[in-house]
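Working notes, beginning with the structure itself.
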Amino acid sequence: MSSVSDDDLSWLLNLLDSEDLLEIEVGEKDWSVRVSRGVLPAPTTHSQPVDLAASGALDASSQELPEDIVPLLAPMTGTFYRAPSPDSPPYVEEGSRVERGDVVGLIEAMKIFNELETPVSGQVTKILVENGENVQADQRLMLIKVGRPED
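Just so you know, we're using the numbering used here here: the sequence shown kicks off at 256 and counts up by one.
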């Protein structure tokens, strides 16, 4: 009987992400492996009309940004973490200075932690999601003001 190696599983997970698949199954005569993405629960509905602007439901992800503000987007669906472990301080806080490529958070997807690197140098002006919050691919996580802070 053949066995599936860690490299094989890693390849399947990368294929799932790179091709934006929900599920993939491979196998041979005596074995098969199915890998699928978790699906977040459907949002709850309100029984009464809600003023979206007043409720805060229209968050920064639906707003246009000034030219000097760059959003850090989630590269995948998963769970966002602000620190490398529960006992560690967050990678960054609002107001923190960051350089391009700095790790500013993690996204856990399928038990794999993926580092989030800032795409630009600048200052974190807003953190839009909470630690441990589920996020969707391309969701805005942070806003970064490009350049040096004004003295």
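Note that the Cβ used here is the ideal one computed from N, Cα and C, for glycine as well. Fair warning: this is a prediction, and the values are worked out from it, not measured in the lab.
Collapsing the DSSP output to three states places residue 396 in a strand. One Cα belongs to residue 284, the other to residue 381, and the distance between them is close to 53 Å. In this structure, the straight-line span from the alpha carbon of residue 403 to that of residue 323 is close to 11 Å. Where residue 264 is concerned, the enclosing alpha helix (DSSP H) starts and stops at 261–273. Exclusion of the five residues before and after residue 332 leaves 391, 392 as the residues of its chain whose Cβ lies within less than 6 Å of its Cβ.
Membership of residue 364 in the beta strand (DSSP E) is indicated by the continuous run 358–364. With a beta-carbon spacing of about 6 Å, residue 379 and residue 353 fall inside the 8 Å limit used to define contacts. Around residue 360, the same chain offers 335, 336, 337, 346, 371, 396 as residues with beta carbons nearer than 7 Å, after the five sequence neighbours per side are excluded.
Residue 377 sits buried, since 16 or more C-beta atoms from the chains shown fall within 10 Å of its C-beta. Residue pairing from DSSP places residue 287 in a beta bridge opposite 282.
For residue 352, the three-state secondary structure derived from DSSP is strand. Residue 363 and residue 341 have their C-alpha atoms spaced approximately 14 Å apart. Residue nearest to residue 400 within the set 282, 280, 351 is 351 (criterion: CA-CA distance). In the assembly as shown, residue 277 is an exposed residue. Its beta-carbon has fewer than 16 other beta-carbons within 10 Å. At the C-beta level, residue 374 and residue 327 come within 8 Å of one another.
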